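Colleague: Numbering (the working numbering), first residue to last: 3 to 150. Take a look at the following structure, please.
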Ligand SMILES: [Zn+2]
């Protein structure tokens, strides 16, 4: 089902490119490449970032200063998410558009601690998100009303 949804929002094949890799820990390369391939389905070739990937055991995947910090348990989707932070940071117009969209969509809603929204203690105290209504939970669907 997720693959079906992905096909509806992906960009045409001729507009796709490749994420550029700097230093990537060999233990992470297959996962990082899979996440990067996924990101390239939704990001125009001209906007794809350059990223490094370093091994950080037992840590949630995170992007900062051109580097994805992760271990081998990171999912393809999580890596795509971090690669896309690279797209935002390395393309200021993309970041500005993303922030404008977020503010528009949030309206008067105030951000809340991710810990409170998710009940997960592994979010830092300075990590906030909007609860949002993007994915509305249906009974039994397990779908969370949260995007981050
Ligand atoms: Zn993020």
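Ideal placement from N, C-alpha and C gives every residue a C-beta, glycine not left out. Given the structure is predicted, the values throughout are model-derived calculations rather than measurements.
(1) What separation, rounded to the nearest whole angstrom, lies between the Cα atoms of residue 11 and residue 57?
(2) Would the segment 46 to 55 and the segment 21 to 32 be scored as touching if the rule is three or more Cβ pairs under 8 angstroms?
(3) Between residue 17 and residue 96, what straight-line distance do the alpha-carbon atoms span, to the nearest angstrom?
(4) Given 8 angstroms as the limit, is there contact between the segment 74 to 86 and the segment 107 to 122, that is, 3 or more CB pairs closer than that?
(5) Which residue marks the beginning of the beta strand (DSSP E) containing residue 71, and which one marks its end?
(6) Thinking C-beta only, is residue 51 closer than 8 angstroms to residue 92?
(7) Hey, would you say the C-beta of residue 16 is under 7 angstroms away from at least one heavy atom of ligand 3?
(8) In terms of alpha-carbon separation, which member of 119, 6 and 31 lies closest to residue 81?
(9) Mind pulling the beta strand (DSSP E) runs of 3 or more residues that sit fully within the segment 47 to 132?
(10) Given a threshold of 16 other Cβ atoms within 10 Å of its Cβ, counted over all protein chains shown, does residue 123 qualify as buried or as exposed?
(11) At what residues does the alpha helix (DSSP H) containing residue 34 begin and finish?
(12) Could you check whether residue 47 and residue 68 sit closer than 8 angstroms to each other, using their CB atoms as the reference points?
Modeller: Working from what's here:
(1) Spanning the two alpha carbons is a distance of roughly 31 angstroms.
(2) yes
(3) 17 angstroms
(4) no
(5) 69 to 72
(6) yes
(7) Ligand 3 is absent from the structure shown, which contains only ligand 1.
(8) 31
(9) 52 to 57, 64 to 66 and 69 to 72
(10) Label assigned to residue 123: exposed.
(11) 31 to 42
(12) no
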